[in-house]
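Here's the structure, in structure tokens; my notes come after.
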Amino acid sequence: LIFLTLLLSVLGPIRPYLTQIIIDDYVVLNDLEGLKGMIFLLFFLLIINAIIMYFHTYLSGWLGQNIIKNIRVKLFSHMQSFKLKFFDKTPIGRIVTRNVSDIETIADIFGQGVAAIIGDILLLFGIVFLMFLLNWKLTLISLSTLPLLLLTTYVFKEKVKVSFNEVRDAVANLNSYVQEHIVGMKIVQIFGNEKKEYQKFVEVNDTHLKANLKAVLYYSIYFPVMELFTSIGLGLLIWYGSGEIFSEQVSIGVLIAFIMYLQLFFRPIRSIADRFNTIQMGVVSSTRIFNLLDSYDTIKSNEKIITNDIFGSVEFKNVWFAYNDDDYVLKNINFKIEAGESIAFVGSTGSGKSSIINLLNRFYEFNKGKILIDDEDIRDYNISHLRENIGYVSQDVFLFSDTIANNITLFNDSISEDKIWDAIKSVGAENFINKLPGKIQYNVKERGASLSVGQRQLISCIRIMLYDPKIILLDEATSSVDTETEEMIQHAISKILYGRTSIVVAHRLSTIEQVNKIVVVEDGEIKEIGAHEKLMLNGGYYKNLYDMQY
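Take the sequence shown: its position 33, counted from the start at 1, is 33 in the UniProt record's numbering, and no numbers get skipped.
In structure tokens:
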């Protein structure tokens, strides 16, 4: 690419130089035979220039696209290791902007930015060298407006840099707003809030428009000013050059060559300014991307990495946890269950039950205390190995916009259809699957929108049966389905719980009477712990909750 850039920088300034030779040595002297040869040489160089430009353009684009592909893959991989806290506080649209729009802007640096600027600078040096070679006086006259032009370019560059920062922010805000409100459109329509949301969107869009118009304004001022300086330089050249021709100090071929050089000289100056803007946009985008890549807001493991088989005993020792600073949602949590046992957490909404599930999945880091799996610190486990041994069924099961089969296998092509059907039959879901058009090849649409909550939970149970983890986490898995569907899910759950450690968060106390231990959590603290019968006899928090439901 550098070699091709050098060739283009050499071939560009040669054309006016050859034109001067053709006019002065062949046209003026009526040398028709020599003229034919020089015209052939000129056309040959033009063809070579076009071929080199083709390869230069293609290689620049190829380089840019491959670089952004690698950056995008690296960024996506890096973000997969982030704590959920990052995604809690960062709008989805902003994340999409970083992964798509900002990275595309970086591609322009390589396709239209750095390589092109280097080529333009080399071209300028070549032009100035040949101009001085032909006539130093005409060169100084031609470039007399250059200081003003460079000053204008510098001011323009600084203004546009600020403007492009505002544009990128406006794009990110617009993407965030659109993404959020498409996802939440049901709520907007239910409460008849379309007009208010429309007005908010108009405001966000106006901010985006103003940011872009500011950049357009700077462009609309800069390019006419550049054209003015070019015209002044050209006028001075023709005025002074004509006098030199009349006094026979300069040939007409030299003046024509200088006119061509002047046009050729100011063109890359304008291009460099424009490409500096491309680089400015790329720098703004790359700063944001590399800030993400340099961010280490990830779940950290200790130096001791355990990949031993997991049997499933779980213990919390004096665990404290806060989502924000010292605002603790879990306070001094202590409990233990052996491998194969079951434990259920009950309590009012917001009491901290689901936070226990989040800590076991290592979605968040706890602040104080210890969590042990098989008597080993959870932070000592390889995080992928740990999660392979944990099955998770939530109230709102997320499904990808793909087939039932791919949502069960999570796109693992090594799993055969026979194994998928074995898992389906194991949880008693074959009737449900067989009724779907296409069965396991049925496309569930975005986020599983074509399936009910209960059906999505059944698919989650099938997935767990297929992957065979040692620990099962059920986060309010039956709190929002009808009784009939709950019976189907309970049957599936009974199958996946058999022989595995299970940790359940539930609202319906009837579903947890048979677990080994029940833990009552209120305000982030354990108030009671024990079996169903024992807690009923105690007449405390659990009995009050039970009596409220029955």
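Using N, Cα and C, we set each Cβ at its ideal position, and we do this for glycine too. Keep in mind that this is a model prediction, so the values were computed, not measured.
Among the options, nearest to residue i - alpha-carbon criterion
i: H385; options: N361, Y219, G369, N367; result: N361
i: L264; options: S251, M131, E158, K517; result: M131
i: residue 561; options: F129, L262, S101, K159; result: Only positions 1 to 550 of the chain appear in this structure, which leaves residue 561 out of reach.
i: Y58; options: A107, S77, T139, F398; result: A107
i: F258; options: S271, S247, S242, V162; result: S242
i: V393; options: D377, S354, D380; result: S354
i: F366; options: D327, A344, E341; result: D327
i: D468; options: L330, V128, K419; result: K419
i: I489; options: E513, V505, Q514, R456; result: R456
i: V155; options: N538, I496, I221; result: I221
i: K543; options: H491, L509, L143, F411; result: L509
i: S401; options: S416, V96, A449, K137; result: A449
i: S163; options: L213, I343, K89, S414; result: L213
i: G253; options: E487, T511, I526, I22; result: I22
i: G76; options: F55, F398, R98; result: Here the sequence assigns Phe to residue 76, which means Gly is not the residue at that position. The candidate whose alpha carbon is nearest that of F76 is R98.
i: R267; options: D120, V453, K534; result: D120
i: D422; options: Q395, G454, N443, L466; result: L466
i: L146; options: L4, E376, T230; result: T230
i: L4; options: S144, V27, F55, L63; result: F55
i: S144; options: R275, G235, N382; result: G235
i: I383; options: V167, S81, T152; result: S81
i: I245; options: L138, K161, G540, D309; result: L138
Test item: CB-CB of residue i and residue j under 8 Å
i: R72; j: A172; result: no
i: L237; j: K74; result: no
i: V314; j: I518; result: no
i: L134; j: Q249; result: no
i: I493; j: L474; result: yes
i: V521; j: G350; result: no
i: Q441; j: T403; result: yes
i: residue 569; j: A215; result: Absent from the structure is residue 569, since the part of the chain shown begins at 1 and ends at 550.
i: F311; j: D374; result: yes
i: E513; j: H491; result: no
i: S416; j: K495; result: no
i: K83; j: F363; result: yes
i: V515; j: I357; result: no
i: residue 614; j: V319; result: Residue numbering for the chain in the displayed model covers 1 to 550; residue 614 lies beyond these limits and cannot be assessed.
i: N175; j: V284; result: no
i: I141; j: Y240; result: yes
i: I464; j: G391; result: yes
i: residue 614; j: L255; result: Examination of residue 614 is not possible in this model, given that the chain is present from 1 through 550 alone.
i: L18; j: M38; result: yes
i: S251; j: D31; result: no
i: F345; j: V453; result: no
i: H208; j: E197; result: no
i: E528; j: L537; result: no
CB-CB length for residue i against residue j, believed under 8 Å
i: G369; j: G524; result: That belief does not hold up - the Cβ atoms of G369 and G524 are roughly 13 Å apart, past 8 Å.
i: L123; j: G12; result: 5 Å
i: E104; j: I67; result: At roughly 12 Å, the Cβ-Cβ gap does not stay under 8 Å, so E104 and I67 are not in contact.
i: K159; j: Y219; result: The Cβ separation is near 10 Å, so there is no contact.
i: I459; j: N407; result: 6 Å
i: I109; j: T287; result: About 12 Å; that fails the 8 Å criterion.
i: L35; j: R15; result: So it is not a contact: roughly 16 Å between Cβ atoms.
i: V202; j: Y177; result: Wrong, their Cβ atoms sit about 11 Å apart, outside the cutoff.
i: L359; j: F398; result: Rounded, the Cβ-Cβ distance is 20 Å, inconsistent with contact.
Problem - Contact between the region 492 to 505 and the region 333 to 352 (3+ Cβ pairs under 8 Å) - result: yes
Exercise for the section: Identify every run of the beta strand (DSSP E) within the region 437 to 508, keeping only runs that are complete inside it and at least 3 residues long; order them along the chain. Expected result: 471 to 475, 501 to 505
Exercise for the section: Determine, using beta-carbon pairs with one atom in the region 190 to 205 and one in the region 216 to 230, whether at least three such pairs fall under 8 Å. Expected result: no
Handout entry: Those runs of the alpha helix (DSSP H) which lie wholly inside the region 345 to 387 and span at least 4 residues
Key = 353 to 360
Handout entry: Segments assigned alpha helix (DSSP H), at least 4 residues, entirely inside the region 187 to 271
Key = 194 to 246
Practice task
Flag this pair as touching only if the region 3 to 17 and the region 49 to 65 have three or more C-beta atom pairs under 8 Å; answer yes or no.
Solution key: yes
Handout entry: 4 or more residues per run - each alpha helix (DSSP H) lying fully within the region 136 to 167
Key = 136 to 142
Exercise for the section: Please go through the region 521 to 548 and give each complete alpha helix (DSSP H) segment of 4 or more residues, from N-terminal end onward. Expected result: 532 to 538
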